[in-house]
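Written below as structure tokens is the structure these notes are about.
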Amino acid sequence: MSIRAQAIAEFLGADLMGPDLDVMQVGTLDAPQPNTLIFAKRYDPAFAERLNAASPVLALVLPEYAGQLEISHILTTNPRREFARVVEQYFSKRYPPGIAPTAIIAPTAQIGEQVHIGHYCVIGENVEIGAHTVLLNHVIINDNCVIGPNCLIKSHTVIGEKGFGYDFEDDGTPVAVPHSGRVIIGAEVHIGALVSINQGTIGDTVIADRAKIDDHVFIAHNAQIGENTLVIAGAEISGRVQVGKNVWIGPQVCIINGITVGDDALLGMGAVVNKPVEPNTVNVGNPARVLRPRHNRS
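If you're matching positions, the sequence shown starts at 2 in this note's numbering and goes up one per residue.
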């Protein structure tokens with residue numbers, strides 16, 4: 002893949018500073034190769050020398066670098082975000098629409114347009130999968146689940162399996178609680194590999210639009226994950242947990258049953274959450290405690 006630097010600038014709605022060139026791959030500031038796209042997410046005068054020595058590259062840099070660079074560059078207030086946009090547009094792998102011959106699709110499943118379903122996927126009865134969604138290999142979508150458009154679900158993930166729910170006989174014998182709910186996944190949701198999202202007990206488990214779920218995450222019955230929320234690797238979200246919008250849930254976080262997490266909260270790595278979390282707070286530790294506000298809104 003080769004794209005002109007000027008075309009990248011136009012895609013970003015920005016001006017190209019310095020010479021135009023062919024951009025053929027992405028790279029890093031530490032080890033830039035010729036004709037690569039790189040970025041520097043912070044300003045350091047010493048970086049200017051390193052960037053100028055990296056020619057020929059296209060660099061996405063902060064406005065503070067204006068007038069200091071001889072190489073091709075684009076000024077932006079968020080180089081990392083714009084780097085991600087360019088990589089997604091021009092350098093990311095594309096999955097062609099189609100269903101692998103080894104996939105098993107129930108006859109009542111509804112598959113949208115331009116969907117990619119990988120090898121050995123299993124799609125249950127009455128499942129709905131929205132347009133342009135990608136399921137990589139060995140994904141299982143159980144009966145009655147709904148997957149929105151433009152989603153990505155990575156390999157070996159299981160959506161809509163029966164949850165772990167038991168009551169007890171008088172003598173202590175466990176009695177399984179039936180589960181009849183669904184999993185509802187919104188639009189533009191990304192779900193990593195080896196994730197398990199259980200069906201609701203009676204109501205539904207819901208993952209809202211643009212939520213991003215990392216690898217090895219477990220989400221239990223009737224949990225609700227809000228829009229734009231990120232759940233990082235190894236997190237465990239118990240039954241009936243309500244997570245708001247724009248929340249960051251760090252690696253190995255554990256949230257016990259029925260807890261509410263407010264909008265814009267951040268749960269730090271390994272936090273054990275056993276009481277409600279206020280909006281816009283940073284929470285850390287075991288048990289989790291408020292450290293500070295997440296965003297300064299004064």
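We put the beta carbon where it would ideally sit given N, CA and C, even for glycine.
| Item | Value |
| --- | --- |
| Thinking Ala101 and Gly125 are a contact (beta carbons under 8 Å), I'd like their distance in whole angstroms, please. | Ala101 to Gly125, Cβ: 17 Å. No contact. |
| To the nearest angstrom, how far is the alpha carbon of Ile203 from that of Pro179? | 9 Å |
| Rounded to a whole number of angstroms, what is the C-alpha to C-alpha distance between Ile141 and Pro175? | 27 Å |
| Please report how far the alpha carbon of Pro98 lies from the alpha carbon of Gly193, in whole angstroms. | 20 Å |
| Nearest CA to the CA of Val242: which residue from Ala221, Gln253, Val232, Trp249? | Ala221 |
| For Asp23 and Arg5, which I take to be in contact (beta-carbon distance under 8 Å), what is that distance rounded to the nearest angstrom? | 6 Å |
| I'd like the span of the beta strand (DSSP E) that includes Leu59, first residue to last. | 58-62 |
| Which residues in the same chain as Asp205 place their Cβ atom closer than 8 Å to its Cβ, once the five residues preceding and following it in sequence are excluded? | Gly182, Arg183, Val184, Ile185, Asn223 |
| Can you tell me the Cβ-Cβ gap for Ala67 and Leu76, rounded? I've got them flagged as a contact below 8 Å. | 6 Å |
| Apply the 10 Å Cβ neighbour rule to Glu89 and answer buried if 16 or more other Cβ atoms are within range, or exposed otherwise. | exposed |
| If you draw a straight line from the C-alpha of Tyr91 to the C-alpha of Pro288, how long is it? | 44 Å |
| Counting Cβ pairs, one atom from each stretch, are 3 or more of them under 8 Å apart for the segment 165-172 and the segment 142-151? | no |
| Can you name the residues that DSSP bridges to Met18? | His74 |
| What is the DSSP secondary structure of Ile257, counted as helix, strand or coil? | coil |
| So, for Pro35: in the same chain, excluding its five sequence neighbours on each side, which residues have a beta-carbon less than 6 Å away from its beta-carbon? | Pro57 |
| Is Val135 helix, strand or coil when you go by DSSP? | strand |
| To the nearest angstrom, how far is it from the Cα of Asn127 to the Cα of Asn229? | 27 Å |
| Is Pro294 helix, strand or coil by DSSP? | strand |
| Roughly how many angstroms separate the alpha carbons of Ile9 and Arg82, rounded to a whole number? | 14 Å |
| Can you tell which of Gly263, Ile226, Pro294 has the C-alpha that lies nearest to the C-alpha of Glu238? | The amino acid occupying residue 238 in the given sequence is Ile; Glu does not appear at that position. Measuring from the Cα of Ile238, the nearest candidate turns out to be Ile226. |
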